[in-house]
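The block underneath contains the structure these notes are about, expressed in structure tokens.
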Amino acid sequence: MKKSKIIILIILAISLAFMSACNLNSVEQGLQEQEQVSIPASQNEASGGCDKICDEFEKKHIESPCYNSDCLGISEPNNEVVINQPPLDAQGSININKINSEYKIATNKPVGWFVNNQNADMLLSGVDFNNAGSPLFFNHQGGIATDGQHFIVADRNNNRVLIWNELPTKNVPPDVVLGQKDFITNNPGNTLDKFNWPVGVATDGQHLIVADTYNDRILIWDSFPTENGQAADFEIKGSNNPGSRGTVGWPWSVWTNGEKLIVTSTASSQVLIWNSFPTNSNQMSDIVIKLEDFGTPRTIGSDGTNLIIGDHNAFKQQPGNFFWKSFPTKDDQKYDFFMKTVAGANVAKNEIFWGPSFTSDGKLILISDKLYVWDEFPKNENDAPDLEVGLSYGSGKGYDFSGSQSGDGSGIAIAGEKIYISLCNGNKVVGFNNFPESFDQIPDFVIGSPDINTNTLETKFIISNPVPSTNGNSLFVSSDFDRKLYVWKALPDESGAKPDFVYELFDAPWDNTLYGNILALAGKQTVFVWKKLPLNGEQPDVVFKNKIGNVKFSELIGVAMDENYFYLADKGNNKIYVWKGIPESDSDPVFILECEQPGRLSSDGKHLVMAATEKGHGGSVVIYNVNGLPNVKPTILNGMFNLPQGALVYDNHLFVGDTGFNIVHIWKNIEDAISGKEADIFLGEKGYYPQIKNGKLFWPAVPAFDGSYLWIGEFKFSERLLRFSVRD
Numbered sequence: 211m212k213k214s215k216i217i218i219l220i221i222l223a224i225s226l227a228f229m230s231a232c233n234l235n236s237v238e239q240g241l242q243e244q245e246q247v248s249i250p251a252s253q254n255e256a257s258g259g260c261d262k263i264c265d266e267f268e269k270k271h272i273e274s275p276c277y278n279s280d281c282l283g284i285s286e287p288n289n290e291v292v293i294n295q296p297p298l299d300a301q302g303s304i305n306i307n308k309i310n311s312e313y314k315i316a317t318n319k320p321v322g323w324f325v326n327n328q329n330a331d332m333l334l335s336g337v338d339f340n341n342a343g344s345p346l347f348f349n350h351q352g353g354i355a356t357d358g359q360h361f362i363v364a365d366r367n368n369n370r371v372l373i374w375n376e377l378p379t380k381n382v383p384p385d386v387v388l389g390q391k392d393f394i395t396n397n398p399g400n401t402l403d404k405f406n407w408p409v410g411v412a413t414d415g416q417h418l419i420v421a422d423t424y425n426d427r428i429l430i431w432d433s434f435p436t437e438n439g440q441a442a443d444f445e446i447k448g449s450n451n452p453g454s455r456g457t458v459g460w461p462w463s464v465w466t467n468g469e470k471l472i473v474t475s476t477a478s479s480q481v482l483i484w485n486s487f488p489t490n491s492n493q494m495s496d497i498v499i500k501l502e503d504f505g506t507p508r509t510i511g512s513d514g515t516n517l518i519i520g521d522h523n524a525f526k527q528q529p530g531n532f533f534w535k536s537f538p539t540k541d542d543q544k545y546d547f548f549m550k551t552v553a554g555a556n557v558a559k560n561e562i563f564w565g566p567s568f569t570s571d572g573k574l575i576l577i578s579d580k581l582y583v584w585d586e587f588p589k590n591e592n593d594a595p596d597l598e599v600g601l602s603y604g605s606g607k608g609y610d611f612s613g614s615q616s617g618d619g620s621g622i623a624i625a626g627e628k629i630y631i632s633l634c635n636g637n638k639v640v641g642f643n644n645f646p647e648s649f650d651q652i653p654d655f656v657i658g659s660p661d662i663n664t665n666t667l668e669t670k671f672i673i674s675n676p677v678p679s680t681n682g683n684s685l686f687v688s689s690d691f692d693r694k695l696y697v698w699k700a701l702p703d704e705s706g707a708k709p710d711f712v713y714e715l716f717d718a719p720w721d722n723t724l725y726g727n728i729l730a731l732a733g734k735q736t737v738f739v740w741k742k743l744p745l746n747g748e749q750p751d752v753v754f755k756n757k758i759g760n761v762k763f764s765e766l767i768g769v770a771m772d773e774n775y776f777y778l779a780d781k782g783n784n785k786i787y788v789w790k791g792i793p794e795s796d797s798d799p800v801f802i803l804e805c806e807q808p809g810r811l812s813s814d815g816k817h818l819v820m821a822a823t824e825k826g827h828g829g830s831v832v833i834y835n836v837n838g839l840p841n842v843k844p845t846i847l848n849g850m851f852n853l854p855q856g857a858l859v860y861d862n863h864l865f866v867g868d869t870g871f872n873i874v875h876i877w878k879n880i881e882d883a884i885s886g887k888e889a890d891i892f893l894g895e896k897g898y899y900p901q902i903k904n905g906k907l908f909w910p911a912v913p914a915f916d917g918s919y920l921w922i923g924e925f926k927f928s929e930r931l932l933r934f935s936v937r938d
């Protein structure tokens, strides 16, 4: 799901409606050729030299051996022991890493129930509440800036901006922190000395500008800040009417040369330009560019004469980049050309350009799948760069600047001959002491990591899109973005606990389910099944790839089990396939539920529940009576959610992760939900902006419950895994 959909979608009506959808059809029995992945063969067979995760970028990169493939061969992580190395077949391999972990184990489990707005009591996939860990442990840092003397980093997920008073050329700590009083805390806020998810920074040496994204504002310091926690002099929010011309909504990037100021107002699909630097909160922009072709404009590149705007959803769904060959002088000035990707690059799909920046002699440098350099401003969309710097899959030489390291919020800052590159997904800033001159030139230094190749998100076990399952004794967490399964043999009882095992998978599991002693993961075109819980690094017993029986997978998005059935939801086929028990490779489903836009699944044997994230106004939760399958019509809860990502039924209780409203709905009795009552309990604060402060939630998505502990995995821009305990 695109991030912008959750930001832009505004749900005003809070009502409950019941609809009869999802027709149920029996399935004609028929046997077709079956593909089932075993886990055999040698590590290097069929890999073609692929030494990274075949992420979405690599699979569309023509030079990559991962192109149109699912191969995987991940190098051994630091300070982890790789065990049970499986052989590799044509489909891929699974690496299992045993972690040297020690943690406090939950023993005396609480009894009772939840209360409204209660705090979580611990978190995984993070250090702790209000704890960033250290000055140099970033968490998905975003934009960077320099005036040739200072160096500035927007440490996005830690709600802080870090400042070095001298240009760093090694991993040295910053001198000043803004948004916090010290280098440890990371709680958000909305006063002039606080941030909530700052993405962009800019400076001319005198002023400092910060895009305080989730506070919908721009913060400005009139003189360069010198003290920790120093408050901004004023804020700019623009129009008071959300979405109207001139409003600042979810601002992503800022740019200044000391005279002009440019802001991308991402949520309102606008670019705002001040022709003279603003001096107070009431100074509205002089120029508003709001074009029909804009979607969610994010990045800014300018030398004061030319302008580039990178847009994540141009023309409604296409990432790409708008170019003006002269600086706009009037409202809604049309761009000169649109560059969907770097001309001449071997990239099969559109790409947004991150961090477009200019040198003093007019060179343009930016990040796509590599660093690209034009000696002068491109003349048109077919103007190829003069230099590309980065990993060449043909030679295996060069540094990886691709989406597994760069991605949303990455940036570039130039100070003389020095080039700094913020790699958001790589969780570090790398730098060149001199302007690179060859494709295989390696960065000279790194900030925020012990070396240029280490990703501290991995070494600190930060999980992207955590999806939990638990049986009350162990904890299993899968991640589609990481392509991993994390295993805690026992239930951790302290924040920041490391897992016991990490599985590196060859496909991206979107959902998982645990029933009895069986664990299953499903995503893309793959199902992984363990018939005994993998508590000691065991390989899955069976992996289905592409099909089961006569069912060909398109986009698996949900999986569930109960005492009778095994369920798979396929978003691409708009169906839920149902088998009696764990299927054999040639088993056809006993029936199929046809349902528009299915999502993650859960079953307790009485009810089958589906989070239909994009179905209906704001998304829906669909509830089936299992005993009536396949002919029963489901109840559809709609109108109370804003993109629900996960719904769980457990012992007749219902839990829904409401990602857009930043709350969790809890019904003690699912029959109350079916009868139209609103939830008994809400965790988080409905209608408030997402926050990582305890007591609030940041895009809560997927719940798991064992009768004592409720685990909530937060989606995409947070990555926390929170635990809530029932109370007496």
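Numbered as in this note's numbering, the sequence shown ends at 938 without a single skipped number. From the three backbone atoms N, C-alpha and C, an ideal C-beta is built for every residue, glycine too. The model shown is predicted, which means the values in this text are computed figures rather than measured ones.
1. Give a yes or no on whether the C-beta atoms belonging to residue 478 and residue 453 are separated by under 8 Å.
2. Taking only the alpha-carbon atoms, compute the straight-line gap between residue 226 and residue 826 and give it to the nearest angstrom.
3. Do the CB positions of residue 861 and residue 814 come within less than 8 Å of each other?
4. Which residue wins for smallest C-alpha separation from residue 560, given the options 580, 318, 534 and 530?
5. By DSSP's criteria, residue 424 is part of a beta bridge. Which residues make up the other side?
6. Can you tell me the Cβ-Cβ gap for residue 158 and residue 526, rounded? I've got them flagged as a contact below 8 Å.
7. Using the DSSP secondary-structure output, state which residues sit across from residue 856 in a beta bridge.
8. Run through DSSP, which three-state label would residue 918 get?
9. Going along the chain, which residues of its own chain have a beta-carbon closer than 6 Å to the beta-carbon of residue 402, five neighbours each way excluded?
10. Tell me the rounded alpha-carbon separation between residue 830 and residue 857.
11. Measuring alpha carbon to alpha carbon, tell me which residue in 389, 449, 450 and 395 is nearest residue 420.
12. Which first and last residues belong to the beta strand (DSSP E) in which residue 845 is found?
13. Which first and last residues belong to the beta strand (DSSP E) in which residue 770 is found?
14. Bridge partners for residue 875 per DSSP, in chain order?
15. CA-CA distance, residue 404 and residue 437?
16. Determine the DSSP secondary structure at residue 443, reduced to helix, strand or coil.
17. Is the beta carbon of residue 448 less than 8 Å from the beta carbon of residue 495?
18. Take residue 737 and list the residues in its own chain whose beta-carbon comes closer than 6 Å to its own, dropping the five residues that flank it on each side.
19. Exposed or buried, residue 317, counting other C-beta atoms within 10 Å across all chains shown (16 or more means buried)?
20. Would you identify the three-state DSSP class for residue 565, choosing helix, strand or coil?
21. Going by DSSP, which residues form a beta bridge with residue 466?
22. Determine the burial state of residue 590: buried for a count of at least 16 other Cβ atoms within 10 Å of its Cβ, exposed for fewer.
23. Does DSSP classify residue 937 as helix, strand or coil?
24. Tell me which same chain residues have a C-beta within less than 6 Å of the C-beta of residue 356, skipping the five on either side of it?
25. I need the straight-line Cα distance from residue 615 to residue 841, nearest angstrom please.
26. Could you say which of 789, 635 and 683 lies nearest to residue 776 if we only look at CA atoms?
27. Please tell me whether residue 652 and residue 639 are closer than 8 Å, where the distance is taken between their beta carbons.
28. Run through DSSP, which three-state label would residue 883 get?
29. Answer with buried or exposed for residue 594, where buried requires no fewer than 16 other C-beta atoms within 10 angstroms of its C-beta.
30. Need the endpoints of the beta strand (DSSP E) that residue 704 sits in, please.
31. At which residues does the alpha helix (DSSP H) containing residue 666 begin and terminate?
32. Leaving out the 5 sequence neighbours to the left and right, which residues in its chain are closer than 7 Å to residue 486 when beta-carbon positions are compared?
33. Looking only at DSSP bridge pairs, what is residue 639 linked to?
34. Find the nearest neighbour of residue 906 within the set 869, 918 and 936, judged by alpha-carbon distance.
35. Quick one: what's got a C-beta closer than 7 Å to residue 936's C-beta in the same chain, skipping five residues either side?
36. Going by DSSP in three states, residue 366 sits in which element: helix, strand or coil?
So, from the listed chains and residues:
1. yes
2. At residue 226, the pLDDT of 28 sits below 50, so the modelled position is not reliable; the number obtained from the coordinates is stated separately. Computed Cα separation, rounded: 12 Å.
3. yes
4. 530
5. Beta-bridge pairing links residue 424 to no other residue.
6. Any property of residue 158 remains undetermined from this structure, which presents the chain solely from 211 to 938.
7. 867
8. coil
9. 441 and 442
10. 10 Å
11. 389
12. 845 to 848
13. 766 to 771
14. 866 and 892
15. 14 Å
16. coil
17. yes
18. 754
19. exposed
20. strand
21. 471
22. exposed
23. strand
24. 623 and 625
25. 48 Å
26. 789
27. no
28. helix
29. exposed
30. Counting along the chain, residue 704 falls outside any beta strand (DSSP E), and DSSP gives it neither H nor E.
31. 666 to 669
32. 469
33. 632 and 657
34. 869
35. 320, 321, 322, 323, 324 and 918
36. helix
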